[in-house]
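Peer 1: Before I ask anything, here is the structure I am working with.
Numbering (this note's numbering), first residue to last: 51 to 312.
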């Protein structure tokens, strides 16, 4: 455990010249990156469980800014001259964008997956009443299985997903959703030296697609791609394709042929 009680798994090759940090989405934890961790096992990998998720305790209110600040400190401590790559999905991608805004030259490469970067004030008003209705349902396996299917959680991972759902506190869920729905990009992203790969699924909500377009337009060093036929969850939906595209981009700075650009 570190000083903020974040559980951070370390694996891979600690002597490697590259360090990769994986930031999961809301409602899951570090296990969502298992296929990526196996693929990139020759690198030194850090996989935090975000506050209130998985093995990390957390008290509300959840803070994207505070979590980003802390993770930047972890990277500063652990990098030790290595090239730094950070993956972020959904909530983790929002935190990643905030990390870059806070420390524009800390991270070398960032893979920003399915980040909502446009505030949704109308949706904010609906969070508490909708959670009041839906939260009791999360205790039922059938409801959790339906939720899991929207994130492409497979049968192997479902039991862990369901167990973690049972441990999620209502107050934490509300707090996470409020942060998620109110986050916007810091203008400091334009000062960043970080190279960005911004990804979105073809079937994602319009607000997420527009957020990806915003980020690509704001950053001179961003590549944007659309994964065809996929909604919210490309790292889980098609890990082989996702890993191949990211690996190609990290090694060549280009997008493989056949992948649509934003």
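For every residue, glycine included, the Cβ atom is placed at its ideal position computed from N, Cα and C. Because the structure is a prediction, the values reported are computed rather than measured.
How about residue 236 and residue 169: do their beta carbons lie closer than 8 angstroms?
Peer 2: no
Peer 1: Go ahead and pull the three-state DSSP assignment for residue 252.
Peer 2: coil
Peer 1: Measure the CB-CB distance between residue 58 and residue 124 and report whether it falls below 8 angstroms.
Peer 2: Yes. Within cutoff.
Peer 1: Counting only runs of 3+ residues fully inside the segment 125–184, write out the beta strand (DSSP E) ranges in chain order.
Peer 2: 133–139 and 159–163
Peer 1: When DSSP builds the beta bridges, which residues end up paired with residue 68?
Peer 2: 133
Peer 1: Can you give me the start and stop residues for the beta strand (DSSP E) that residue 275 sits inside?
Peer 2: Per DSSP, residue 275 belongs to the beta strand (DSSP E) from 272–277.
Peer 1: Residue range of the beta strand (DSSP E) that residue 96 falls in?
Peer 2: 94–98
Peer 1: DSSP beta-bridge partners for residue 58?
Peer 2: 98
Peer 1: Taking the continuous alpha helix (DSSP H) assigned at residue 211, which residues delimit it?
Peer 2: 205–217
Peer 1: Is it right to say residue 83 is buried, meaning 16 or more other beta carbons lie within 10 angstroms of its own, or is it exposed?
Peer 2: buried
Peer 1: For a quick check, are the C-beta atoms of residue 306 and residue 295 less than 8 angstroms apart?
Peer 2: yes
Peer 1: Could you work out which residue in 227, 190 and 218 is closest to residue 180 when comparing CA atoms only?
Peer 2: Among 227, 190 and 218, the Cα nearest to that of residue 180 is on 227.
Peer 1: For residue 73, name the three-state secondary structure that DSSP assigns.
Peer 2: Residue state for residue 73 is assigned as strand, using DSSP reduced to three classes.
Peer 1: Check each candidate in 119, 217, 215 and 132 and name the one with the smallest Cα separation from residue 147.
Peer 2: 119
Peer 1: Could you have a look at residue 265 and say whether DSSP puts it in helix, strand or coil?
Peer 2: helix
Peer 1: Residue 128: which of 157, 190 and 200 sits nearest, CA to CA?
Peer 2: 157
Peer 1: Starting from residue 245, follow its DSSP beta bridges and name the residues at the other end.
Peer 2: 159
Peer 1: Just to confirm the assignment, what range does the alpha helix (DSSP H) spanning residue 197 have?
Peer 2: 191–200
Peer 1: Taking the DSSP output, what are the residues bridged to residue 298?
Peer 2: Residue 298 pairs with nothing; no bridge assigned.
Peer 1: Measure from the alpha carbon of residue 271 to the alpha carbon of each residue in 73, 242 and 187, then state which is nearest.
Peer 2: 242
Peer 1: Cutting at 8 angstroms between CB atoms, please list the residues of its own chain near residue 51, excluding the five before and the five after it.
Peer 2: Reliability of the predicted coordinates at residue 51 is poor, the pLDDT of 38 falling under 50, and the value obtained from them is presented with this limitation in mind. Excluding residues within five positions, the ones whose Cβ falls inside 8 angstroms are 57.
Peer 1: Taking Cβ to Cβ, would you say residue 268 is nearer than 8 angstroms to residue 108?
Peer 2: no
Peer 1: By Cβ distance, which residues of its chain are closer than 8 angstroms to residue 154, with the 5 residues on each side in sequence left out?
Peer 2: 238, 239, 241, 242, 243 and 244
Peer 1: Alpha helix (DSSP H) containing residue 220: first to last residue?
Peer 2: 220–232
Peer 1: Do you know offhand how far residue 274's Cα is from residue 114's?
Peer 2: 23 angstroms
Peer 1: Less than 8 angstroms between the beta carbons of residue 251 and residue 284, yes or no?
Peer 2: yes
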